[in-house]
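**Q** Below is a structure I'd like to ask you about.
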Amino acid sequence: MKTGRSLSRELKELGGSDIYPFHMPGHKRNMKGSYLSQAYDMDITEIDGFDNLHEPAGLIKELEERAASYYDAYKAFILVNGSTAGILSAVSAAVPHRGRLLMARNSHKSAYDAVYLGEIESEYFLPEYYEEFKVYGCVDKEKLAKELDSKKKPDAVLITSPTYEGFISDVDGIADIVHSHGIPLIVDAAHGAHLKVSKKADISIVSLHKTLPAFTSSALCLLNSDRVDAKRLKFYINIFQTSSPSYLLMAGIDECFDILEREGKDRKKTLEEELFGVYSVFDGCRFIKAIDASKAAALGAFGFDDTKLDIYDRSGIYTGKQIYDRLRLKYRIQPEMASQRLCLCMTSIMDTKEGLFRLKTAVKETDDDIRSGKFR
Numbered sequence: 008m009k010t011g012r013s014l015s016r017e018l019k020e021l022g023g024s025d026i027y028p029f030h031m032p033g034h035k036r037n038m039k040g041s042y043l044s045q046a047y048d049m050d051i052t053e054i055d056g057f058d059n060l061h062e063p064a065g066l067i068k069e070l071e072e073r074a075a076s077y078y079d080a081y082k083a084f085i086l087v088n089g090s091t092a093g094i095l096s097a098v099s100a101a102v103p104h105r106g107r108l109l110m111a112r113n114s115h116k117s118a119y120d121a122v123y124l125g126e127i128e129s130e131y132f133l134p135e136y137y138e139e140f141k142v143y144g145c146v147d148k149e150k151l152a153k154e155l156d157s158k159k160k161p162d163a164v165l166i167t168s169p170t171y172e173g174f175i176s177d178v179d180g181i182a183d184i185v186h187s188h189g190i191p192l193i194v195d196a197a198h199g200a201h202l203k204v205s206k207k208a209d210i211s212i213v214s215l216h217k218t219l220p221a222f223t224s225s226a227l228c229l230l231n232s233d234r235v236d237a238k239r240l241k242f243y244i245n246i247f248q249t250s251s252p253s254y255l256l257m258a259g260i261d262e263c264f265d266i267l268e269r270e271g272k273d274r275k276k277t278l279e280e281e282l283f284g285v286y287s288v289f290d291g292c293r294f295i296k297a298i299d300a301s302k303a304a305a306l307g308a309f310g311f312d313d314t315k316l317d318i319y320d321r322s323g324i325y326t327g328k329q330i331y332d333r334l335r336l337k338y339r340i341q342p343e344m345a346s347q348r349l350c351l352c353m354t355s356i357m358d359t360k361e362g363l364f365r366l367k368t369a370v371k372e373t374d375d376d377i378r379s380g381k382f383r
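Each residue of the sequence shown is one higher than the one before, counting from 8 in the numbering used here.
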């Protein structure tokens, strides 16, 4: 039942109240003069009226129901230890101790940690490799079907979609194949919290903080079927999460959904319009380019997330790291990462027009300098 209360608003009210804290944490909400004083004012432990993440029955339960409704999921579990905790929990819940897991070779390190902890017998398959950019991309569902047919039946399948660079697999089609073998599909969708999450995936893990307005380490584990028992999944989530969860992180999740519900459509539309202009600049460049939907399709990708700007030098002379360094040092633009061929700049609905204009300027001037031989 909805109470009309909000975790973020309740914390703000507590921070301004005269209730004295004879409880953890040790800063006692008495950090006046600190740059982070407002954050300290709202940083609490599990006290009366603020619920308990490990056994939610009030404000936190309502927040999880709100998250499930937003993603149209059966259940949503808040993660304050990032998608790492979600992947560890999902694999542990879906695969019995010393069971079998078929997993994509480009899986996050936490998936390998889960295999180690559960003494799981793991089999690997390779997603498509895009030689031009030296990155792994989509999972080919026909190849996955052959893998499943040729191997001893696993207890679950794990894939990553979208990838760090934004390549999106046919998750619905893959789920149909996996389910035909009577097993669940786990999707590491950490980089796709801003995208539609497949309802056919049995468990999807999304990092709110990666692409939405939420504090770092904020994530969700979304359950969409009974192929994995909800109680067993929650059991492992409670194991892999801290016993002292941050109320600031949970309040940030609450505020994230406030923004999405209040401004999300308008902000998404604005970002789409701005990205059209950004990609137009790349189209006009001779050397500096960015992977777009058409380029991804030409590589054989099922789909592509155009909020990920994978920037590269078409001539192949300059590396992703050289482009990264130029953006950071000359234009004071901090990209997400650099690889051998790509410099990744991540955008979101919270980007400003001014910031995207600076990027467009940097891209055009960099291309001009390559043309004239002045690239430094």
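Virtual Cβ for every residue (Gly too), placed ideally from N, Cα, C.
Taking DSSP as the reference, what is the three-state secondary structure of residue 230?
**A** Your numbering for residue 230 matches position 223 in the sequence shown. Correct three-state label for residue 230: strand.
**Q** Is the distance from the Cβ of residue 112 to the Cβ of residue 126 below 8 Å?
**A** Stepping through the sequence shown from its first residue, residue 112 is reached at position 105. Stepping through the sequence shown from its first residue, residue 126 is reached at position 119. No, the Cβ-Cβ distance between residue 112 and residue 126 is not below 8 Å.
**Q** Taking the C-alpha atoms as reference points, what is the distance between residue 287 and residue 323?
**A** In the sequence shown, the residue the question calls residue 287 occupies position 280. In the sequence shown, the residue the question calls residue 323 occupies position 316. About 21 Å.
**Q** Note down the Cα distance separating residue 52 from residue 161, rounded to an integer number of angstroms.
**A** If you number the sequence shown from 1, residue 52 lands on position 45. If you number the sequence shown from 1, residue 161 lands on position 154. Going by the C-alpha atoms only, they are around 41 Å apart.
**Q** Can you give the Cα-Cα distance for residue 212 and residue 319, rounded to whole angstroms?
**A** As a working note, residue 212 is residue 205 in the sequence shown. As a working note, residue 319 is residue 312 in the sequence shown. When rounded, the distance between both Cα atoms is 29 Å.
**Q** Could you tell me the alpha carbon to alpha carbon distance between residue 8 and residue 66, rounded to whole angstroms?
**A** In the sequence shown, counting from the first residue as 1, residue 8 sits at position 1. In the sequence shown, counting from the first residue as 1, residue 66 sits at position 59. Caution is warranted here: a pLDDT of 48 is assigned to residue 8, below 50, making its placement in the model unreliable, and no coordinate value can be reported.
**Q** State the DSSP-derived secondary structure class of residue 131, mapped to helix, strand or coil.
**A** In the sequence shown, the residue the question calls residue 131 occupies position 124. Correct three-state label for residue 131: strand.
**Q** Measure how close the beta-carbons of residue 370 and residue 263 come, nearest whole angstrom, since I'm counting them as under 8 Å.
**A** On the sequence shown, residue 370 is found 363 positions in, with the first residue counted as 1. On the sequence shown, residue 263 is found 256 positions in, with the first residue counted as 1. Residue 370 to residue 263, Cβ: 30 Å. No contact.
**Q** If you reduce the DSSP assignment to three classes, tell me which class residue 8 lands in.
**A** To locate residue 8, count along the sequence shown from 1; it is residue 1. Bear in mind that the predicted position of residue 8 carries a pLDDT of just 48, short of 50, making it too unreliable to give a figure here.
**Q** Just to confirm, are residue 201 and residue 218 a CB contact at a threshold of 8 Å?
**A** Start at 1 with the first residue of the sequence shown, and residue 201 comes out as number 194. Start at 1 with the first residue of the sequence shown, and residue 218 comes out as number 211. Cβ distance < 8 Å, so residue 201 and residue 218 count as in contact.
**Q** Counting beta carbon pairs with one atom in the region 160–177 and one in the region 141–149, are three or more of them shorter than 8 Å?
**A** In short, these stretches touch, since the Cβ pair count reaches three.
**Q** Are residue 100 and residue 239 touching if we call contact CB-CB under 8 Å?
**A** Sequence index remark: in the sequence shown, residue 100 carries index 93 (1-based). Sequence index remark: in the sequence shown, residue 239 carries index 232 (1-based). Yes, the Cβ-Cβ distance between residue 100 and residue 239 is below 8 Å.
**Q** Look at residue 71 and residue 57 and say whether their C-beta atoms are less than 8 Å apart.
**A** Here residue 71 refers to the residue found at position 64 of the sequence shown. Here residue 57 refers to the residue found at position 50 of the sequence shown. Their beta carbons are not under 8 Å apart, which means residue 71 does not touch residue 57 by this criterion.
**Q** Kindly give me the distance between the Cβ atoms of residue 18 and residue 38, rounded to whole angstroms, as I take these residues to be in contact under 8 Å.
**A** The count along the sequence shown starts at 1 and reaches residue 18 at position 11. The count along the sequence shown starts at 1 and reaches residue 38 at position 31. About 15 Å; that fails the 8 Å criterion.
**Q** Thinking just about the alpha-carbon of each residue, which of 216, 359, 361 and 326 is nearest to the one in residue 377?
**A** Walking along the sequence shown from the start, residue 377 turns up at place 370. Measuring from the Cα of residue 377, the nearest candidate turns out to be 326.
**Q** Which residue wins for smallest C-alpha separation from residue 227, given the options 76, 24 and 177?
**A** For the purposes of this step, residue 227 is identified with residue 220 of the sequence shown, where counting begins at 1. For the residues 76, 24 and 177, the minimum Cα distance to residue 227 belongs to 76.
**Q** Opposite residue 195 in the DSSP bridges: which residues?
**A** By one-based count along the sequence shown, residue 195 stands at place 188. For residue 195, which the question treats as bridged, DSSP gives the partners 167 and 212.
**Q** The beta strand (DSSP E) spanning residue 42 covers which residue range?
**A** Taking the sequence shown and counting its residues from 1, the one referred to as residue 42 is at position 35. It is not in any beta strand (DSSP E) - residue 42 carries neither H nor E in the DSSP assignment.
**Q** Would residue 152 pass as a contact of residue 191 if the rule is Cβ separation under 8 Å?
**A** As a working note, residue 152 is residue 145 in the sequence shown. As a working note, residue 191 is residue 184 in the sequence shown. Not closer than 8 Å, so no.
**Q** Jot down the residue ranges of each uninterrupted beta strand (DSSP E) in the region 226–294, minimum 3 residues, whole runs only, in chain order.
**A** 226–230, all fully within the region 226–294.
**Q** Does the separation of the CB atoms of residue 86 and residue 117 fall below 8 Å?
**A** Here residue 86 is taken as the residue at index 79 of the sequence shown, counted from 1. Here residue 117 is taken as the residue at index 110 of the sequence shown, counted from 1. Contact flag unset, no.
**Q** Reducing DSSP to helix, strand and coil, say where residue 108 ends up.
**A** Working through the sequence shown from its first residue, we reach residue 108 at position 101. Note: residue 108 maps to strand in three-state DSSP.
**Q** What are the partner residues of residue 80, as DSSP defines its beta bridges?
**A** Here residue 80 corresponds to residue number 73 of the sequence shown, with the count starting at 1. Answer is none; residue 80 lacks a bridge partner.
**Q** Please go through the same chain and pick out, in chain order, the residues whose beta-carbon is closer than 6 Å to the beta-carbon of residue 298, but skip the five residues on each side of it.
**A** Here residue 298 refers to the residue found at position 291 when the sequence shown is read from its first residue. Around residue 298: 317.
**Q** Taking a contact to mean a Cβ-Cβ separation below 8 Å, would you say residue 210 touches residue 193 in this structure?
**A** Numbered from its first residue, the sequence shown carries residue 210 at position 203. Numbered from its first residue, the sequence shown carries residue 193 at position 186. In this structure, residue 193 lies closer than 8 Å to residue 210 by Cβ.
**Q** Quick check on the DSSP output: the alpha helix (DSSP H) that includes residue 363 runs from which residue to which?
**A** Within the sequence shown, the letter at position 356 stands for residue 363. 360–379 is the extent of the alpha helix (DSSP H) around residue 363.
**Q** Can you tell me the Cα-Cα spacing of residue 12 and residue 42, whole angstroms?
**A** Here the question's residue 12 lines up with position 5 in the sequence shown. Here the question's residue 42 lines up with position 35 in the sequence shown. In a straight line, the C-alpha of residue 12 is about 28 Å away from that of residue 42.
**Q** Using beta-carbon positions only, say whether residue 247 and residue 92 come within less than 8 Å of one another.
**A** Sequence index remark: in the sequence shown, residue 247 carries index 240 (1-based). Sequence index remark: in the sequence shown, residue 92 carries index 85 (1-based). Contact flag set, yes.
**Q** Pull up the distance between the alpha-carbon of residue 79 and that of residue 278, whole angstroms please.
**A** For this step, residue 79 is matched to residue 72 along the sequence shown. For this step, residue 278 is matched to residue 271 along the sequence shown. In a straight line, the C-alpha of residue 79 is about 23 Å away from that of residue 278.
**Q** Helix, strand or coil, according to DSSP, for residue 119 in the structure here?
**A** Taking the first residue of the sequence shown as position 1, residue 119 is located at position 112. Helix at residue 119.
**Q** May I have the straight-line CA-CA distance separating residue 154 from residue 229, to the nearest angstrom?
**A** For the purposes of this step, residue 154 is taken as the residue at position 147 of the sequence shown. For the purposes of this step, residue 229 is taken as the residue at position 222 of the sequence shown. C-alpha separation (whole angstroms): 26 Å.
**Q** Going straight from the alpha carbon of residue 352 to that of residue 237, what length do you get?
**A** In the sequence shown, the residue the question calls residue 352 occupies position 345. In the sequence shown, the residue the question calls residue 237 occupies position 230. Whole-angstrom Cα-Cα distance: 36 Å.
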